[in-house]
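Novice: For reference, the structure I am asking about is given below.
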Amino acid sequence: MTVELENVNLRRDGVDFLVDVSLKVEAGGFNILLGPTLSGKTTLLRMMAGLERPDSGRLLENGADVTSVAVQKRNVAMVYQQFINYPSMSVYDNIASPLKVARVSRADARKRVTEVAELLRLGPMLRRRPSELSGGQQQRVALARALVKGAPLVLLDEPLANLDYKLREELRSELPRLFSDAGSTVVYATAEPLEALMLGGATATLHEGRITQFGATHDVYRDPVDLVTARTFSDPPLNVAGVVKRGAEFVMDDTVTWPVGDTHAAMNDGEYRLGFRPHHLALGPGGNHAVSLEGVVAIAEISGSETYVHLDVGRHQWVGQAHGVHRLDVGQALRVSVDPARFMFFSTDGRRIDPRAGRTWHRSD
Amino acid sequence: MAQIRLKAIRHSYVDRPGSDQDFALKRVDLTFEDGGAYALLGPSGCGKTTLLNIISGLVAPTEGEVLFGGKAINDLPPDARNIAQVFQFPVVYDTMTVYDNLAFPLRNRGIAAGEIDRRVRETASMLGLEEVLSRRARGLAADNKQKISLARGLVRSDVNVIMFDEPLTVIDPHLKWRLRSQLKQLHQRYNFTMIYVTHDQTEALTFADRIVVMHDGDVVQVGDSESLFERPGHTFVGHFIGSPGMNLFPCRVDNGAVFVEGQRVLLDAPPPAMVSGRTELGVRPEFVRFDPAGIKVEIRHVADVGRYRIVDAVLGPHSFKIYCAEGVEIPSGEARVSFDPRLAAVFVDGWRTGGEAP
Numbered sequence: 071m072t073v074e075l076e077n078v079n080l081r082r083d084g085v086d087f088l089v090d091v092s093l094k095v096e097a098g099g100f101n102i103l104l105g106p107t108l109s110g111k112t113t114l115l116r117m118m119a120g121l122e123r124p125d126s127g128r129l130l131e132n133g134a135d136v137t138s139v140a141v142q143k144r145n146v147a148m149v150y151q152q153f154i155n156y157p158s159m160s161v162y163d164n165i166a167s168p169l170k171v172a173r174v175s176r177a178d179a180r181k182r183v184t185e186v187a188e189l190l191r192l193g194p195m196l197r198r199r200p201s202e203l204s205g206g207q208q209q210r211v212a213l214a215r216a217l218v219k220g221a222p223l224v225l226l227d228e229p230l231a232n233l234d235y236k237l238r239e240e241l242r243s244e245l246p247r248l249f250s251d252a253g254s255t256v257v258y259a260t261a262e263p264l265e266a267l268m269l270g271g272a273t274a275t276l277h278e279g280r281i282t283q284f285g286a287t288h289d290v291y292r293d294p295v296d297l298v299t300a301r302t303f304s305d306p307p308l309n310v311a312g313v314v315k316r317g318a319e320f321v322m323d324d325t326v327t328w329p330v331g332d333t334h335a336a337m338n339d340g341e342y343r344l345g346f347r348p349h350h351l352a353l354g355p356g357g358n359h360a361v362s363l364e365g366v367v368a369i370a371e372i373s374g375s376e377t378y379v380h381l382d383v384g385r386h387q388w389v390g391q392a393h394g395v396h397r398l399d400v401g402q403a404l405r406v407s408v409d410p411a412r413f414m415f416f417s418t419d420g421r422r423i424d425p426r427a428g429r430t431w432h433r434s435d
Numbered sequence: 070m071a072q073i074r075l076k077a078i079r080h081s082y083v084d085r086p087g088s089d090q091d092f093a094l095k096r097v098d099l100t101f102e103d104g105g106a107y108a109l110l111g112p113s114g115c116g117k118t119t120l121l122n123i124i125s126g127l128v129a130p131t132e133g134e135v136l137f138g139g140k141a142i143n144d145l146p147p148d149a150r151n152i153a154q155v156f157q158f159p160v161v162y163d164t165m166t167v168y169d170n171l172a173f174p175l176r177n178r179g180i181a182a183g184e185i186d187r188r189v190r191e192t193a194s195m196l197g198l199e200e201v202l203s204r205r206a207r208g209l210a211a212d213n214k215q216k217i218s219l220a221r222g223l224v225r226s227d228v229n230v231i232m233f234d235e236p237l238t239v240i241d242p243h244l245k246w247r248l249r250s251q252l253k254q255l256h257q258r259y260n261f262t263m264i265y266v267t268h269d270q271t272e273a274l275t276f277a278d279r280i281v282v283m284h285d286g287d288v289v290q291v292g293d294s295e296s297l298f299e300r301p302g303h304t305f306v307g308h309f310i311g312s313p314g315m316n317l318f319p320c321r322v323d324n325g326a327v328f329v330e331g332q333r334v335l336l337d338a339p340p341p342a343m344v345s346g347r348t349e350l351g352v353r354p355e356f357v358r359f360d361p362a363g364i365k366v367e368i369r370h371v372a373d374v375g376r377y378r379i380v381d382a383v384l385g386p387h388s389f390k391i392y393c394a395e396g397v398e399i400p401s402g403e404a405r406v407s408f409d410p411r412l413a414a415v416f417v418d419g420w421r422t423g424g425e426a427p
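Read top to bottom, the protein sequences are chains H and S. Per the working numbering, residue 71 is the first one in the first sequence, and the count goes up by one each step. Per the working numbering, residue 70 is the first one in the second sequence, and the count goes up by one each step.
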C-alpha cells in the first residue's frame with residue numbers, strides 16, 4: 071500500500087517530536103528513515119502504526135484518510151529493536167500467532183510458517199521456546215512473525231541494532247528481498263548510514279523531527295540538499311570547513327588557496343561552508359589539481375583493510391579513510407590532499423550550493 | 070597497572086562437566102601485558118564475557134589460575150581487584166554534578182577532601198571533562214556519560230586494568246567515532262592496560278594493538294589488525310573479520326599445486342606437499358582482481374555501497390564476492406579474475422597452511 075503523511079506535527083510536553091513532516095512512500099517499496107537518536111524515527115513509525123495521533127496533519131493509506139483509525143483496525147506489522155516474543159509459546163506458535171488471529175486454516179498456517187522459518191533459518195528450532203534461542207535467533211522469530219502476517223505495511227525500528235555484527239550483515243542483505251517478495255511496503259528506521267546504503271531502496275533523512283530529504287538512497291547519499299543531510303548520511307563523519315570565494319580563488323583559513331574551477335565559476339564571492347567525505351581525503355600531496363594541506367595526526371586507527379586518520383588541519387578536526395595499512399605516529403605532521411571536484415559547497419546557513427543539473431532527488435517540502 | 074595472566078583457564082556452567090561441550094571456555098592461556106590495549110572479539114556465546122567476568126572476579130573459573138602482576142588472585146573478591154569497568158549503559162548518578170559523580174567513589178573510601186579534589190581534576194583533564202565538572206550529569210550527551218563512568222573507575226589511583234564491555238553499543242555513529250578515538254588517545258598518552266570486549270570488528274580492530282578472536286569457547290587467533298585481516302589463521306577469523314568475510318572455495322591440492330574447479334591457482338606460500346582433510350582456498354573480496362589472464366567467472370549482481378561496490382559472482386557452482394573501489398570498471402556477465410598470490414591461502418580443516426611467503 072502507499073502511505074502518505076501530510077504536514078504532520080506532534081508536540082509533547084513542550085518538545086517538538088515531528089515538525090511539518092510530509093512523506094509519501096510507494097507501494098511495495100523499501101523505505102529507510104535515517105537519523106540519530108531523538109531525530110523522530112520511532113515517533114514517525116508509531117504514527118504510521120496508529121499508535122500516535124498527530125496534533126495536526128493527516129495520514130493516508132492508499133489515498134484514504136486513516137488519521138483517526140485505531141491501531142487494532144490497521145493491518146500493520148511492527149518489529150522493535152528489543153525483540154518481543156511470547157515466552158510461553160514455542161517458536162512455531164510464536165510465528166503462527168498472527169495467522170491464528172486471522173483464522174487461517176491449520177494446513178495453510180503450517181505451510182506458511184514452514185516457508186518463512188526456512189527463509190529465516192529457524193527450521194530446526196520450531197519446537198523450542200524463545201528463551202532457549204540466542205538473541206539473534208529470537209529477533210529472527212520476531213521478524214518471521216511480521217513476515218508471515220503478510221501485512222501490507224511493515225514497520226521495522228532498528229531491528230538489527232541488538233544483533234551481532236556478522237548476523238546483522240547477513241540479515242541486511244536478505245531483509246529487503248524477503249519483504250519485497252511478500253509484496254509489503256516496508257519502513258525501516260536506522261541510525262547507521264552504512265546500513266542504509268547496504269539496504270538500498272529509498273531514504274528519508276531526519277533531523278530534530280524534520281525530514282531533510284527523501285529520495286533513492288544512493289541519490290540522497292551522493293547529492294545531499296543541505297549540510298545537515300550530508301552530515302546525517304556520513305560515516306565516518308563528514309569533514310567540514312569554512313571557506314571564502316574571492317574572485318578566481320577559494321581561501322580557507324586565510325592560508326590555503328586554490329583556483330575556482332569551471333564547476334564553481336558561477337558562485338558569488340563570499341563565505342561558504344565546504345564538506346567532503348573522509349574517503350576523499352588522500353594521504354600525500356596529490357596531483358596537480360589537488361588541494362594540498364598540512365595536518366597533524368591526532369590518532370590513527372588501523373582496521374586491517376583500512377586506516378582511519380584523525381587529523382588536525384588548522385582549526386578543523388578531520389577524518390581520513392585510506393585504503394590499506396598506514397602506520398602514523400601521534401603528533402606527526404602529515405600532508406594530505408583533496409580533489410576539489412569532491413568538495414560540496416553550502417551556504418553559511420547550510421543549504422547546498424550549485425547542485426548538479428538532472429538531479430533525481432526532491433525536497434519533501 | 071599490572072600484567073594479567075590467565076593460566077589454563079577452563080570454565081563450565083554445568084555442575085559436573087564431562088566433555089568439551091560442557092565448557093563455555095575450553096582452555097585459555099593468555100597474557101595481557103602491562104600497558105597493552107587488547108580486544109576480546111567474537112560472536113555472542115563465544116565465551117568473551119565469561120572471560121571478562123573471570124578477570125573481574127564475578128565468575129570463579131572451574132579450573133586454572135588468574136594472576137595479577139605474577140600473583141594468583143583467584144580468591145580475591147571483585148572489589149579488591151581494583152578494576153575500572155565500563156559497561157554498555159553508562160553508570161552515572163543523573164542528579165549529581167559531574168564533579169560529585171567522580172568524587173563519590175573517593176568519598177566512600179574516606180579520602181581527604183584536598184586529595185579528592187586533586188584526583189577529580191586530574192582525571193577530568195585526562196578525559197576532557199573539565200568544562201562540564203559543575204554540570205549535572207543528566208543533561209549530558211551519551212559519549213560524555215560514558216566518559217563519566219570511565220572516570221569514576223579511573224579516579225582511584227590503584228587501578229590494575231580498565232575493562233570495557235561493549236561500551237559503544239548504545240552510542241550514535243558520530244559520537245562513536247569521537248569516543249573511540251579518544252579512548253585510543255587516552256591509552257597512548259597514559260599507557261593504561263585496557264581490555265575491550267565486543268562483537269564489532271571495527272571497534273576491536275581499530276582500538277586494540279592485540280586482538281583475541283574467540284569462537285565457541287576457544288581462542289582461535291591473537292594478533293594485530295593487519296595480521297588478522299591479511300593472514301587469518303582460521304576460516305572463522307577470515308569469515309568474522311572483514312565485511313563481507315573471506316571467500317572460500319573447495320579446492321584440490323596435488324603435491325603442493327592448488328586447483329579450484331580444475332583450474333590452477335598460484336600461491337606464494339603453497340600448502341605442504343602432503344595434506345589430508347578438507348581443503349579450501351580462502352581469499353578475501355579485497356584480494357580478487359579483474360584480470361584478462363585469470364579464471365573465468367560470471368558476474369551475477371553488483372551492490373553499490375556508496376564508497377565501494379560489492380560484486381556477487383560465481384565460479385562454477387561456488388558464489389563469491391569481489392570488492393571494487395570507486396572508479397574500478399566492472400565487466401558485466403562473463404569476466405576473468407585472479408587471486409592475489411601473496412594473500413590467498415589454503416586452509417585444511419579450517420586451519421591456514423603455507424606459513425610465511427618465501
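Glycine is no exception: its CB is placed at the ideal position from the N, C-alpha and C atoms.
If we cut at 7 Å on Cβ distances, does Ser226 (chain S) have a partner in chain H?
Specialist: Chain H contact via Cβ: absent.
Novice: What residue range does the alpha helix (DSSP H) around His165 (chain H) cover?
Specialist: In the sequence under discussion, the amino acid at residue 165 (chain H) is Ile, which differs from the His named in the question. Unbroken alpha helix (DSSP H) run through Ile165 (chain H): Val161 to Val171.
Novice: Can you name the residues of chain S whose CB is closer than 7 Å to the CB of Thr107 (chain H)?
Specialist: Under the 7 Å cutoff, chain S gives Asp241.
Novice: Establish whether the CB of Gln154 (chain S) and some CB of chain H are separated by less than 7 Å.
Specialist: For Gln154 (chain S), the answer is no, since every Cβ of chain H falls outside 7 Å of its Cβ.
Novice: Hey, would you say Asp212 (chain S) sits closer than 7 Å to Leu248 (chain S), going by beta carbons?
Specialist: A contact, by the Cβ cut-off of 7 Å.
Novice: Hey, quick one: how far does the alpha helix (DSSP H) through Asn445 (chain H) stretch, first residue to last?
Specialist: Residue numbering for chain H in the displayed model covers 71 to 435; residue 445 (chain H) lies beyond these limits and cannot be assessed.
Novice: Whole angstroms is fine: what's the gap from Val310 (chain H)'s alpha carbon to Gly331 (chain S)'s?
Specialist: Cα to Cα, the separation comes out at about 52 Å.
Novice: Where does Arg433 (chain H) land, buried or exposed, given buried means 16+ other C-beta within 10 angstroms?
Specialist: At Arg433 (chain H), the pLDDT of 40 sits below 50, so the modelled position is not reliable; the number obtained from the coordinates is stated separately. It is exposed - the Cβ of Arg433 (chain H) has fewer than 16 other Cβ atoms within 10 Å.
Novice: Would you mind stating whether Leu104 (chain H) and Thr282 (chain H) have Cβ atoms separated by less than 7 Å?
Specialist: Going by C-beta atoms, Leu104 (chain H) is not nearer than 7 Å to Thr282 (chain H).
Novice: What would DSSP say about Pro222 (chain H), mapped onto helix, strand or coil?
Specialist: Three-state DSSP puts Pro222 (chain H) in coil, outside helix and strand.
Novice: Relative to the C-alpha of Val334 (chain S), which candidate in S:Pro410, S:Cys393 and S:Lys365 has its C-alpha closest?
Specialist: Measuring from the Cα of Val334 (chain S), the nearest candidate turns out to be S:Pro410.
Novice: Here's the rule: buried if 16 or more other CB atoms are within 10 angstroms of the residue's CB, otherwise exposed. What is Thr418 (chain H)?
Specialist: Exposed, since its Cβ has fewer than 16 Cβ neighbours within 10 Å.
Novice: Just the C-alpha distance for Thr166 (chain S) and Ser203 (chain S), rounded to the nearest angstrom, thanks.
Specialist: Looking at the two C-alpha atoms, the distance is approximately 6 Å.
Novice: Less than 6 Å between C-beta atoms, sequence neighbours within five positions excluded: which residues of the same chain meet that for Thr112 (chain H)?
Specialist: Excluding sequence neighbours, Thr112 (chain H) sits near Asp227.
Novice: Which of the three DSSP states, helix, strand or coil, is assigned to Gly110 (chain H)?
Specialist: Correct three-state label for Gly110 (chain H): coil.
Novice: For Asp360 (chain S), name the three-state secondary structure that DSSP assigns.
Specialist: Three-state result, Asp360 (chain S): strand.
Novice: With 7 Å set as the bound, which would you pick, yes or no: does the beta-carbon of Pro319 (chain S) sit closer than that to a beta-carbon of chain H?
Specialist: So no, Pro319 (chain S) is outside the interface.
Novice: Starting from the beta carbon of His386 (chain H), find every residue of chain S whose beta carbon is closer than 7 Å, and list them in chain order.
Specialist: Those do not exist, as His386 (chain H) stays about 14 Å from chain S at its closest Cβ, beyond 7 Å.
Novice: According to DSSP, Phe92 (chain S) sits in a beta bridge with which residue or residues?
Specialist: Paired residues: S:Ser81.
Novice: Are the stretch 236–251 of chain H and the stretch 162–180 of chain H touching, with three or more C-beta to C-beta distances below 8 Å?
Specialist: No, the stretch 236–251 of chain H is not in contact with the stretch 162–180 of chain H.
Novice: Tell me the DSSP secondary structure of Ile281 (chain H) in three-state form.
Specialist: It is a strand residue.
Novice: Counting only runs that start and end within the stretch 252–305 of chain S, where is the alpha helix (DSSP H) found for 4 or more residues in a row?
Specialist: As far as the stretch 252–305 of chain S is concerned, its whole alpha helix (DSSP H) runs of at least 4 residues are 270–276 and 294–299.
Novice: For the alpha helix (DSSP H) holding Asp186 (chain S), just list the boundary residues, first then last.
Specialist: Counting along the chain, the alpha helix (DSSP H) containing Asp186 (chain S) begins and ends at Ala182 to Leu196.
Novice: For His387 (chain S), does the three-state DSSP call read helix, strand or coil?
Specialist: Of the three classes helix, strand and coil, the one that applies to His387 (chain S) here is strand, per DSSP.
Novice: Below 6 Å CB to CB, which residues in the same chain sit around Tyr259 (chain S) once its five sequence neighbours on both sides are set aside?
Specialist: No residues qualify anywhere along the chain.
Novice: Is the Cβ of His350 (chain H) closer than 7 Å to any Cβ of chain S?
Specialist: No, its Cβ sits nowhere closer than 7 Å to a Cβ of chain S.
Novice: Return the residues of the stretch 247–271 of chain S that lie within a Cβ-Cβ distance of less than 9 Å from chain H, sorted by chain order.
Specialist: Listed by position along the chain: Arg247, Arg249, Ser250, Gln251, Lys253, Gln254, Gln257, Arg258, Thr267, His268, Asp269, Gln270 and Thr271.
Novice: Quick one: does Leu276 (chain H) have its CB under 7 Å from some CB of chain S?
Specialist: Chain S contact via Cβ: absent.
Novice: Kindly indicate which three-state DSSP category Ala177 (chain H) falls into: helix, strand or coil?
Specialist: Helix.
Novice: Out of curiosity, what's the CA-to-CA distance linking Arg197 (chain H) and Ser158 (chain H)?
Specialist: Each residue's alpha carbon lies about 12 Å from the other.
Novice: Please decide whether Val256 (chain H) counts as near chain S, where near means a Cβ-Cβ distance under 7 Å.
Specialist: So no, Val256 (chain H) is outside the interface.
Novice: How do the stretch 386–405 of chain H and the stretch 360–369 of chain H stand: do at least 3 beta-carbon pairs fall below 8 Å, yes or no?
Specialist: Yes, the stretch 386–405 of chain H is in contact with the stretch 360–369 of chain H.
Novice: Among S:Phe156, S:Ile124 and S:Phe318, which one has its Cα closest to the Cα of Asn143 (chain S)?
Specialist: For the residues S:Phe156, S:Ile124 and S:Phe318, the minimum Cα distance to Asn143 (chain S) belongs to S:Ile124.
Novice: For Glu188 (chain H), which three-state DSSP category applies?
Specialist: Helix, per DSSP.
Novice: Is Met337 (chain H) helix, strand or coil by DSSP?
Specialist: In this structure, Met337 (chain H) counts as coil in the three-state DSSP scheme.
Novice: Hey, how far is the Cα of Pro354 (chain S) from the Cα of Asp89 (chain S)?
Specialist: In a straight line, the C-alpha of Pro354 (chain S) is about 34 Å away from that of Asp89 (chain S).
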